[in-house]
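Residue numbers (this note's numbering): 76 to 273.
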C-alpha cells in the first residue's frame with residue numbers, strides 16, 4: 076500500500092525511472108521552474124551515482140530546516156515521497172510559510188505523480204495523507220493552487236476539501252482546512268505573507 080516517506084536512497088532505481096518519465100514529458104527544460112524541473116536540470120546525468128543520489132536525498136531532507144541554505148525567495152520546505160515498497164510514485168512538497176509569490180500563485184503545496192502511476196488516485200491519496208503533516212507544521216488552513224487548465228489537479232484539490240477562493244492570473248486558489256480553526260488561520264497566513272512582502 077502506498078505511503079508517504081522522507082526521501083530515502085532505497086528508492087534510487089525507481090526514482091531515476093520516474094525522472095526519465097518526467098523528462099519524456101518535457102520536464103527539465105529551461106523554462107520549467109518546478110521543483111522536478113530544477114532537480115532534473117541540476118542532477119541530470121549525475122544522480123545515477125549512488126553517492127550523488129545520497130547527497131541529493133540529504134539536501135532535500137535538510138530543506139525543511141529553517142537555517143538550511145536556499146535560493147532567494149524560497150522558504151523552508153518539507154518534501155515527502157509517495158512510494159509503494161521500493162517504487163517511487165511521486166512527491167509532495169509542503170512549504171512552511173507563504174511569501175507574496177506563494178500567496179498569489181504557488182501555495183503551500185506542490186505535488187507530482189510520475190506518468191506511469193497517474194489516473195489511479197495517487198495524487199488524491201497523497202494530498203490527503205499529507206494533511207496531518209501540514210497540520211503538525213502549524214499550517215491551518217493550507218493554500219493549494221493549480222493552473223486553470225489543469226482539470227485533474229482541480230478535482231484532486233476539491234476531493235480533499237479544497238474551498239475555492241479566487242483566481243489570480245492563470246492560477247485557481249483553494250484553501251483546505253487541516254484542523255478546526257481554518258478561518259482564523261487563513262487570516263493569519265495572509266497577514267504573515269503581507270508582512271513578508273513589505
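By construction, the Cβ of each residue, glycine as well, lies at the ideal position given by its N, Cα and C atoms.
- The beta-carbon separation of residue 163 and residue 97, rounded to 11 Å, does not stay under the 8 Å limit for a contact.
- In this structure, residue 198 and residue 238 do not form a Cβ contact; the two beta carbons are roughly 18 Å apart against a cut-off of 8 Å.
- Under the DSSP assignment, residue 193 falls outside any alpha helix (DSSP H); it carries neither an H nor an E label.
- As computed with DSSP, residue 168 is found in a beta bridge with 154, 185.
- Cα atoms of residue 159 and residue 80: separation of roughly 10 Å, rounded to the nearest angstrom.
- Short of 6 Å from the beta carbon of residue 112, and not among the five residues preceding or following it, lie these beta carbons of its own chain, in chain order: 102, 103.
- Contact check for residue 169 against residue 209 passes: the beta carbons are separated by less than 7 Å.
- Here residue 84 has 125, 128, 129, 132 as same chain residues with Cβ atoms under 8 Å from its own Cβ, once five neighbours each way along the sequence are excluded.
- Here residue 145 has 138 as same chain residues with Cβ atoms under 7 Å from its own Cβ, once five neighbours each way along the sequence are excluded.
- Residue 203 places its beta carbon 7 Å or farther from that of residue 187.
- The count of Cβ pairs closer than 8 Å, one atom from the stretch 209–224 and one from the stretch 241–255, reaches three, so the stretches are in contact.
- For residue 249, the enclosing beta strand (DSSP E) starts and ends at 246–251.
- Look at residue 173 here: in three-state DSSP terms it is coil, with no helix or strand label.
- Using a 10 angstroms sphere on the CB of residue 76, the tally of other CB atoms stays under 16, which defines it as exposed.
- When DSSP reads this structure, residue 162 sits in a beta bridge with 159.
- Here residue 140 has 151 as same chain residues with Cβ atoms under 8 Å from its own Cβ, once five neighbours each way along the sequence are excluded.
- Classified as buried, residue 215 has 16 or more neighbouring CB atoms from the shown chains inside 10 Å of its CB.
- Between residue 156 and residue 207, the C-beta gap is not smaller than 7 Å, which leaves the two residues out of contact.
- With contacts defined as CB atoms closer than 7 Å, residue 182 and residue 220 qualify as a contacting pair.
- Considering only 117, 161, 227, 119, the residue with the shortest C-alpha distance to residue 78 is 161.
- The alpha-carbon separation between residue 217 and residue 175 amounts to approximately 15 Å.
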